[in-house]
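Here's the structure we're looking at; comments come further down.
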Amino acid sequence: MKFSQWLALAALMAAGVLFWSLREVLIHLFAGVVLAMALCTLVGELRSRKPMPRSMALLICLVALVLVVSMATAIVVPPFTEQFHQLLLQLPSAAKELWKLAIGAINQTSAMVYGVNNSKGGWEEQLFANGLNALPDGASLASGVREGLQGLLGLAGNLGSGLVQLLFVLAMSLMVAVQPTAYRDVAISLLPSFYRRRARSILSQCGDALSSWMVGVLISSFCVALLAAIGLSLLGIKLVMANALLAGMLNVIPNVGPTLSTIFPMSVALLDAPWKAVAVLGLYVVIQNLESYVITPSVMHHQVKLLPGLTLTAQFVFTVVFGPLGLLLALPLAVVLQVLIREVVIHDLLDPWKKKRLAP
1 MKFSQWLALA ALMAAGVLFW SLREVLIHLF AGVVLAMALC TLVGELRSRK PMPRSMALLI
61 CLVALVLVVS MATAIVVPPF TEQFHQLLLQ LPSAAKELWK LAIGAINQTS AMVYGVNNSK
121 GGWEEQLFAN GLNALPDGAS LASGVREGLQ GLLGLAGNLG SGLVQLLFVL AMSLMVAVQP
181 TAYRDVAISL LPSFYRRRAR SILSQCGDAL SSWMVGVLIS SFCVALLAAI GLSLLGIKLV
241 MANALLAGML NVIPNVGPTL STIFPMSVAL LDAPWKAVAV LGLYVVIQNL ESYVITPSVM
301 HHQVKLLPGL TLTAQFVFTV VFGPLGLLLA LPLAVVLQVL IREVVIHDLL DPWKKKRLAP
(Lines of atoms letter the chains of each structure in order from A and count residues from 1; the text may use other names and numbers.)
(Lines give C-alpha, C1' and ligand atoms only; values in the text may rest on other atoms or scores of the structure.)
Protein backbone atom coordinates (compact mmCIF):
# COMPACT_ATOMS: atom_id res chain seq x y z
CA MET A 1 0.00 0.00 0.00
CA LYS A 2 1.10 3.52 -0.76
CA PHE A 3 1.47 6.24 1.84
CA SER A 4 -1.72 7.96 0.64
CA GLN A 5 -3.65 4.70 1.04
CA TRP A 6 -2.32 4.19 4.56
CA LEU A 7 -3.27 7.77 5.34
CA ALA A 8 -6.79 7.23 4.00
CA LEU A 9 -7.13 4.04 6.06
CA ALA A 10 -5.97 5.85 9.21
CA ALA A 11 -8.44 8.67 8.54
CA LEU A 12 -11.24 6.14 8.05
CA MET A 13 -10.42 4.39 11.33
CA ALA A 14 -10.23 7.73 13.16
CA ALA A 15 -13.62 8.69 11.74
CA GLY A 16 -15.06 5.37 12.92
CA VAL A 17 -13.73 5.93 16.45
CA LEU A 18 -15.09 9.49 16.44
CA PHE A 19 -18.54 8.39 15.28
CA TRP A 20 -18.61 5.65 17.93
CA SER A 21 -17.76 8.11 20.71
CA LEU A 22 -20.45 10.50 19.44
CA ARG A 23 -23.11 7.84 18.84
CA GLU A 24 -25.51 9.31 21.44
CA VAL A 25 -25.31 12.72 19.79
CA LEU A 26 -25.80 11.14 16.37
CA ILE A 27 -28.92 9.22 17.42
CA HIS A 28 -30.42 12.44 18.82
CA LEU A 29 -29.59 14.20 15.56
CA PHE A 30 -31.35 11.41 13.68
CA ALA A 31 -34.39 11.78 15.94
CA GLY A 32 -34.46 15.47 15.09
CA VAL A 33 -34.24 14.63 11.38
CA VAL A 34 -37.16 12.19 11.70
CA LEU A 35 -39.33 14.85 13.37
CA ALA A 36 -38.22 17.39 10.76
CA MET A 37 -39.25 14.96 8.01
CA ALA A 38 -42.67 14.66 9.66
CA LEU A 39 -43.06 18.44 9.59
CA CYS A 40 -41.80 18.62 6.00
CA THR A 41 -44.33 15.96 5.00
CA LEU A 42 -47.17 17.99 6.52
CA VAL A 43 -45.89 21.16 4.86
CA GLY A 44 -45.62 19.41 1.49
CA GLU A 45 -49.16 18.05 1.73
CA LEU A 46 -50.52 21.49 2.65
CA ARG A 47 -48.66 23.23 -0.19
CA SER A 48 -49.79 20.60 -2.69
CA ARG A 49 -53.42 21.29 -1.80
CA LYS A 50 -53.11 25.08 -1.56
CA PRO A 51 -50.07 26.89 -3.01
CA MET A 52 -48.45 29.23 -0.48
CA PRO A 53 -44.97 30.22 0.74
CA ARG A 54 -43.14 27.53 2.66
CA SER A 55 -42.74 29.70 5.76
CA MET A 56 -46.49 30.32 5.91
CA ALA A 57 -47.26 26.61 5.45
CA LEU A 58 -44.78 25.68 8.19
CA LEU A 59 -46.31 28.22 10.57
CA ILE A 60 -49.81 26.89 9.89
CA CYS A 61 -48.65 23.30 10.50
CA LEU A 62 -46.93 24.23 13.77
CA VAL A 63 -49.97 26.12 15.05
CA ALA A 64 -52.24 23.22 14.05
CA LEU A 65 -49.97 20.72 15.81
CA VAL A 66 -49.91 22.84 18.98
CA LEU A 67 -53.71 23.10 18.95
CA VAL A 68 -54.16 19.36 18.36
CA VAL A 69 -51.71 18.43 21.10
CA SER A 70 -53.31 20.91 23.52
CA MET A 71 -56.82 19.60 22.81
CA ALA A 72 -55.67 16.00 23.11
CA THR A 73 -53.93 16.81 26.39
CA ALA A 74 -57.04 18.48 27.79
CA ILE A 75 -59.51 15.80 26.59
CA VAL A 76 -57.61 12.53 26.62
CA VAL A 77 -54.82 12.85 29.19
CA PRO A 78 -56.90 13.28 32.42
CA PRO A 79 -59.07 10.14 31.96
CA PHE A 80 -56.11 8.25 30.50
CA THR A 81 -53.93 9.15 33.51
CA GLU A 82 -56.65 8.06 35.94
CA GLN A 83 -57.28 4.78 34.13
CA PHE A 84 -53.56 4.09 33.73
CA HIS A 85 -53.07 4.67 37.47
CA GLN A 86 -55.84 2.19 38.23
CA LEU A 87 -54.24 -0.20 35.76
CA LEU A 88 -50.91 -0.04 37.58
CA LEU A 89 -52.66 -0.58 40.93
CA GLN A 90 -54.32 -3.74 39.63
CA LEU A 91 -51.14 -5.31 38.27
CA PRO A 92 -49.99 -6.76 41.67
CA SER A 93 -53.40 -8.38 42.22
CA ALA A 94 -53.30 -9.80 38.73
CA ALA A 95 -49.80 -11.16 39.38
CA LYS A 96 -51.01 -12.89 42.56
CA GLU A 97 -53.97 -14.38 40.71
CA LEU A 98 -51.67 -15.59 37.95
CA TRP A 99 -49.34 -17.08 40.57
CA LYS A 100 -52.23 -19.01 42.11
CA LEU A 101 -53.29 -20.33 38.72
CA ALA A 102 -49.71 -21.36 37.94
CA ILE A 103 -49.37 -23.17 41.29
CA GLY A 104 -52.66 -24.98 40.73
CA ALA A 105 -51.62 -26.03 37.24
CA ILE A 106 -48.23 -27.30 38.48
CA ASN A 107 -49.85 -29.22 41.33
CA GLN A 108 -52.35 -30.83 38.97
CA THR A 109 -49.60 -31.76 36.55
CA SER A 110 -47.55 -33.23 39.41
CA ALA A 111 -50.53 -35.27 40.57
CA MET A 112 -51.10 -36.60 37.05
CA VAL A 113 -47.44 -37.50 36.51
CA TYR A 114 -46.42 -38.79 39.95
CA GLY A 115 -49.81 -39.66 41.38
CA VAL A 116 -49.19 -37.43 44.41
CA ASN A 117 -51.38 -34.49 45.36
CA ASN A 118 -49.13 -31.61 46.37
CA SER A 119 -51.86 -29.09 47.01
CA LYS A 120 -51.33 -28.90 50.81
CA GLY A 121 -48.10 -27.96 52.47
CA GLY A 122 -46.50 -27.75 49.06
CA TRP A 123 -43.35 -26.38 47.66
CA GLU A 124 -44.67 -22.82 47.25
CA GLU A 125 -44.70 -22.24 51.04
CA GLN A 126 -41.09 -23.41 51.27
CA LEU A 127 -40.18 -21.07 48.44
CA PHE A 128 -41.72 -18.11 50.23
CA ALA A 129 -40.14 -19.21 53.53
CA ASN A 130 -36.70 -19.23 51.94
CA GLY A 131 -37.38 -15.77 50.58
CA LEU A 132 -38.42 -14.47 54.00
CA ASN A 133 -35.29 -15.89 55.63
CA ALA A 134 -33.24 -13.88 53.19
CA LEU A 135 -34.70 -10.54 54.30
CA PRO A 136 -32.10 -7.96 55.43
CA ASP A 137 -31.55 -6.88 59.03
CA GLY A 138 -31.76 -3.31 60.37
CA ALA A 139 -28.29 -2.26 59.22
CA SER A 140 -28.86 -3.63 55.76
CA LEU A 141 -32.23 -1.90 55.66
CA ALA A 142 -30.63 1.46 56.51
CA SER A 143 -28.03 0.91 53.84
CA GLY A 144 -30.78 0.06 51.38
CA VAL A 145 -32.65 3.27 52.24
CA ARG A 146 -29.48 5.30 51.70
CA GLU A 147 -28.88 3.61 48.35
CA GLY A 148 -32.51 4.23 47.44
CA LEU A 149 -32.14 7.96 48.13
CA GLN A 150 -29.01 8.04 45.99
CA GLY A 151 -30.96 6.27 43.27
CA LEU A 152 -33.71 8.90 43.48
CA LEU A 153 -31.14 11.66 43.10
CA GLY A 154 -29.69 9.86 40.10
CA LEU A 155 -33.19 9.51 38.64
CA ALA A 156 -33.77 13.24 39.05
CA GLY A 157 -30.51 13.92 37.24
CA ASN A 158 -31.49 11.53 34.44
CA LEU A 159 -34.86 13.27 34.09
CA GLY A 160 -33.10 16.63 33.80
CA SER A 161 -30.71 15.24 31.22
CA GLY A 162 -33.62 13.69 29.32
CA LEU A 163 -35.41 17.05 29.26
CA VAL A 164 -32.31 18.74 27.84
CA GLN A 165 -32.01 16.02 25.19
CA LEU A 166 -35.69 16.42 24.28
CA LEU A 167 -35.27 20.17 23.89
CA PHE A 168 -32.21 19.56 21.71
CA VAL A 169 -34.15 17.17 19.46
CA LEU A 170 -37.08 19.59 19.14
CA ALA A 171 -34.79 22.54 18.39
CA MET A 172 -32.90 20.55 15.74
CA SER A 173 -36.14 19.37 14.13
CA LEU A 174 -37.45 22.95 13.89
CA MET A 175 -34.17 24.25 12.45
CA VAL A 176 -34.02 21.51 9.83
CA ALA A 177 -37.71 21.94 8.96
CA VAL A 178 -37.25 25.66 8.36
CA GLN A 179 -34.36 25.19 5.89
CA PRO A 180 -34.21 21.51 4.82
CA THR A 181 -32.55 22.26 1.48
CA ALA A 182 -29.72 24.23 3.09
CA TYR A 183 -28.88 21.43 5.54
CA ARG A 184 -29.06 18.85 2.74
CA ASP A 185 -26.66 20.91 0.63
CA VAL A 186 -24.22 21.15 3.55
CA ALA A 187 -24.23 17.36 3.93
CA ILE A 188 -23.80 16.84 0.18
CA SER A 189 -20.91 19.34 -0.02
CA LEU A 190 -18.86 17.05 2.25
CA LEU A 191 -18.85 14.39 -0.48
CA PRO A 192 -16.65 14.29 -3.61
CA SER A 193 -17.92 16.46 -6.46
CA PHE A 194 -18.49 13.55 -8.87
CA TYR A 195 -20.90 11.87 -6.39
CA ARG A 196 -22.95 14.87 -5.26
CA ARG A 197 -25.69 14.55 -7.88
CA ARG A 198 -26.09 10.87 -7.04
CA ALA A 199 -26.06 11.64 -3.29
CA ARG A 200 -28.84 14.19 -3.75
CA SER A 201 -30.99 11.51 -5.40
CA ILE A 202 -30.22 8.99 -2.63
CA LEU A 203 -31.12 11.49 0.10
CA SER A 204 -34.39 12.21 -1.68
CA GLN A 205 -35.18 8.49 -1.69
CA CYS A 206 -34.38 8.28 2.04
CA GLY A 207 -36.70 11.21 2.70
CA ASP A 208 -39.51 9.62 0.69
CA ALA A 209 -39.06 6.32 2.55
CA LEU A 210 -39.16 8.07 5.93
CA SER A 211 -42.26 10.05 4.96
CA SER A 212 -44.06 6.90 3.80
CA TRP A 213 -43.07 5.10 6.99
CA MET A 214 -44.34 7.89 9.26
CA VAL A 215 -47.67 8.19 7.47
CA GLY A 216 -48.11 4.43 7.49
CA VAL A 217 -47.25 4.08 11.18
CA LEU A 218 -49.67 6.85 12.10
CA ILE A 219 -52.53 5.22 10.20
CA SER A 220 -51.77 1.70 11.43
CA SER A 221 -51.44 2.86 15.07
CA PHE A 222 -54.81 4.61 14.86
CA CYS A 223 -56.40 1.46 13.40
CA VAL A 224 -54.84 -0.73 16.11
CA ALA A 225 -56.10 1.59 18.87
CA LEU A 226 -59.59 1.66 17.34
CA LEU A 227 -59.77 -2.14 16.94
CA ALA A 228 -58.47 -2.66 20.49
CA ALA A 229 -61.09 -0.26 21.89
CA ILE A 230 -63.91 -2.01 20.01
CA GLY A 231 -62.74 -5.51 20.97
CA LEU A 232 -62.17 -4.70 24.65
CA SER A 233 -65.56 -3.01 24.86
CA LEU A 234 -67.28 -6.07 23.39
CA LEU A 235 -65.48 -8.32 25.88
CA GLY A 236 -66.48 -6.09 28.79
CA ILE A 237 -62.90 -5.31 29.86
CA LYS A 238 -62.39 -2.33 32.16
CA LEU A 239 -60.10 0.65 31.44
CA VAL A 240 -60.74 0.51 27.70
CA MET A 241 -59.32 3.96 26.89
CA ALA A 242 -56.01 3.38 28.66
CA ASN A 243 -55.48 -0.03 27.08
CA ALA A 244 -56.47 1.13 23.59
CA LEU A 245 -54.18 4.16 23.69
CA LEU A 246 -51.32 2.02 24.95
CA ALA A 247 -51.88 -0.42 22.09
CA GLY A 248 -51.77 2.42 19.57
CA MET A 249 -48.69 4.10 21.02
CA LEU A 250 -46.71 0.89 21.52
CA ASN A 251 -47.53 -0.18 17.97
CA VAL A 252 -44.76 2.22 16.86
CA ILE A 253 -42.21 -0.27 18.27
CA PRO A 254 -42.52 -3.46 16.17
CA ASN A 255 -42.35 -6.90 17.82
CA VAL A 256 -41.68 -5.54 21.32
CA GLY A 257 -44.47 -2.94 21.52
CA PRO A 258 -47.43 -5.23 20.72
CA THR A 259 -46.18 -7.78 23.27
CA LEU A 260 -45.99 -5.12 25.99
CA SER A 261 -49.42 -3.75 25.11
CA THR A 262 -50.97 -7.19 25.68
CA ILE A 263 -49.81 -7.43 29.30
CA PHE A 264 -51.99 -4.63 30.67
CA PRO A 265 -55.45 -5.67 29.35
CA MET A 266 -54.73 -9.33 30.18
CA SER A 267 -53.93 -8.31 33.76
CA VAL A 268 -57.22 -6.44 34.07
CA ALA A 269 -59.18 -9.29 32.48
CA LEU A 270 -57.53 -11.87 34.73
CA LEU A 271 -58.99 -10.21 37.83
CA ASP A 272 -62.47 -10.50 36.32
CA ALA A 273 -62.35 -14.00 34.83
CA PRO A 274 -59.49 -16.19 33.54
CA TRP A 275 -61.30 -16.89 30.27
CA LYS A 276 -61.38 -13.16 29.54
CA ALA A 277 -57.59 -13.03 29.75
CA VAL A 278 -57.39 -15.77 27.12
CA ALA A 279 -59.97 -13.91 25.02
CA VAL A 280 -57.92 -10.70 25.25
CA LEU A 281 -54.82 -12.59 24.14
CA GLY A 282 -56.72 -13.98 21.15
CA LEU A 283 -58.10 -10.51 20.35
CA TYR A 284 -54.64 -8.92 20.32
CA VAL A 285 -53.25 -11.76 18.19
CA VAL A 286 -56.02 -11.14 15.63
CA ILE A 287 -55.42 -7.36 15.73
CA GLN A 288 -51.68 -7.75 15.20
CA ASN A 289 -52.21 -10.16 12.31
CA LEU A 290 -54.64 -7.70 10.71
CA GLU A 291 -52.11 -4.90 11.24
CA SER A 292 -49.22 -6.93 9.82
CA TYR A 293 -50.93 -8.51 6.80
CA VAL A 294 -53.80 -6.15 5.92
CA ILE A 295 -53.43 -2.63 7.34
CA THR A 296 -49.67 -2.09 7.01
CA PRO A 297 -49.36 -3.47 3.44
CA SER A 298 -52.34 -1.34 2.38
CA VAL A 299 -51.06 1.97 3.78
CA MET A 300 -47.34 1.36 3.15
CA HIS A 301 -47.34 0.02 -0.40
CA HIS A 302 -44.83 2.72 -1.42
CA GLN A 303 -42.50 2.06 1.51
CA VAL A 304 -39.37 -0.09 1.29
CA LYS A 305 -40.14 -3.61 2.43
CA LEU A 306 -38.45 -4.82 5.60
CA LEU A 307 -38.30 -8.51 6.44
CA PRO A 308 -39.40 -9.39 10.02
CA GLY A 309 -36.05 -11.02 10.78
CA LEU A 310 -34.16 -7.93 9.66
CA THR A 311 -36.48 -5.73 11.71
CA LEU A 312 -35.89 -7.78 14.85
CA THR A 313 -32.13 -7.80 14.23
CA ALA A 314 -32.15 -4.04 13.74
CA GLN A 315 -34.02 -3.56 17.02
CA PHE A 316 -31.51 -5.69 18.91
CA VAL A 317 -28.42 -4.09 17.34
CA PHE A 318 -29.61 -0.49 17.63
CA THR A 319 -30.77 -1.02 21.22
CA VAL A 320 -27.33 -2.35 22.17
CA VAL A 321 -25.53 0.48 20.37
CA PHE A 322 -27.81 3.46 21.10
CA GLY A 323 -29.86 2.38 24.13
CA PRO A 324 -33.65 2.78 24.56
CA LEU A 325 -33.81 5.54 21.96
CA GLY A 326 -32.27 3.12 19.47
CA LEU A 327 -35.16 0.72 20.09
CA LEU A 328 -37.68 3.48 19.39
CA LEU A 329 -35.88 4.59 16.22
CA ALA A 330 -34.88 1.11 15.05
CA LEU A 331 -37.43 0.97 12.23
CA PRO A 332 -36.68 4.40 10.65
CA LEU A 333 -32.96 3.66 11.00
CA ALA A 334 -33.50 0.33 9.25
CA VAL A 335 -35.52 2.03 6.49
CA VAL A 336 -32.76 4.57 5.83
CA LEU A 337 -29.99 1.97 6.02
CA GLN A 338 -31.81 -0.30 3.58
CA VAL A 339 -32.05 2.54 1.05
CA LEU A 340 -28.37 3.41 1.55
CA ILE A 341 -27.24 -0.20 1.22
CA ARG A 342 -29.37 -0.76 -1.87
CA GLU A 343 -28.30 2.40 -3.65
CA VAL A 344 -24.69 2.89 -2.49
CA VAL A 345 -23.36 -0.59 -1.77
CA ILE A 346 -25.30 -2.66 -4.30
CA HIS A 347 -25.97 -0.30 -7.23
CA ASP A 348 -22.88 1.92 -7.03
CA LEU A 349 -20.22 -0.51 -5.75
CA LEU A 350 -21.14 -4.14 -6.30
CA ASP A 351 -22.95 -3.91 -9.66
CA PRO A 352 -20.13 -2.08 -11.48
CA TRP A 353 -17.58 -4.46 -9.92
CA LYS A 354 -19.61 -7.42 -11.17
CA LYS A 355 -19.77 -5.98 -14.70
CA LYS A 356 -16.00 -5.52 -14.70
CA ARG A 357 -15.49 -9.09 -13.55
CA LEU A 358 -17.77 -10.45 -16.28
CA ALA A 359 -16.23 -8.31 -19.02
CA PRO A 360 -13.85 -10.26 -21.36
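Residue numbers are given in the working numbering: position 15 of the sequence shown equals residue 15, and the series is strictly consecutive. Glycine residues also receive a C-beta, built at the ideal position from the N, C-alpha and C atoms.
- Judged by DSSP secondary structure, P324 falls within the alpha helix (DSSP H) whose first and last residues are P324 to L328.
- Between I237 and P274, the gap from beta carbon to beta carbon reaches 8 Å or more.
- The beta carbon of R47 sits closer than 8 Å to the beta carbons of R54 and A57 from its chain, once the five residues preceding and following it are set aside; these are given in chain order.
- Our two residues, L328 and L39, have alpha carbons roughly 19 Å apart in a direct line.
- Under the DSSP assignment, M266 falls in the alpha helix (DSSP H) whose first and last residues are V256 to D272.
- The beta carbons of F30 and L333 sit about 7 Å from each other, so the pair counts as a contact at 8 Å.
- Closest by C-alpha distance to T296, out of L245, A177, I219 and S211, is I219.
- Counting the other Cβ atoms within 10 Å of the Cβ of K2 gives fewer than 16, which makes it exposed.
- By alpha-carbon distance to W20, the top candidate from V321, R342 and Q338 is V321.
- For L190, the three-state secondary structure derived from DSSP is coil.
- E45 counts as exposed, since fewer than 16 other C-beta atoms from the protein chains shown sit within 10 angstroms of its C-beta.
- Taking the C-beta atoms as reference points, A177 is found nearer than 8 Å to A36.
- Looking at L235, D348 and L331, the one whose alpha-carbon comes closest to that of L310 is L331.
- Assignment of P53 by DSSP, reduced to helix, strand and coil, places it in the coil class.
- For D348, there is no enclosing alpha helix (DSSP H), since its DSSP letter is neither H nor E.
- Burial state of I263 is exposed, judged by a 10 Å Cβ sphere holding fewer than 16 other Cβ atoms.
- Burial check for M13: the Cβ neighbour count within 10 Å stays below 16, so the residue is exposed.
- By the neighbour-count criterion, in which 16 or more other beta carbons inside 10 Å mark a residue as buried, S4 falls on the exposed side.
- Per DSSP, the unbroken alpha helix (DSSP H) holding S211 starts and ends at R196 to L235.
- Taking a C-beta distance under 8 Å as the contact criterion, V224 and I287 qualify as a contact pair.
- DSSP places N243 in the uninterrupted alpha helix (DSSP H) bounded by V240 to L250.
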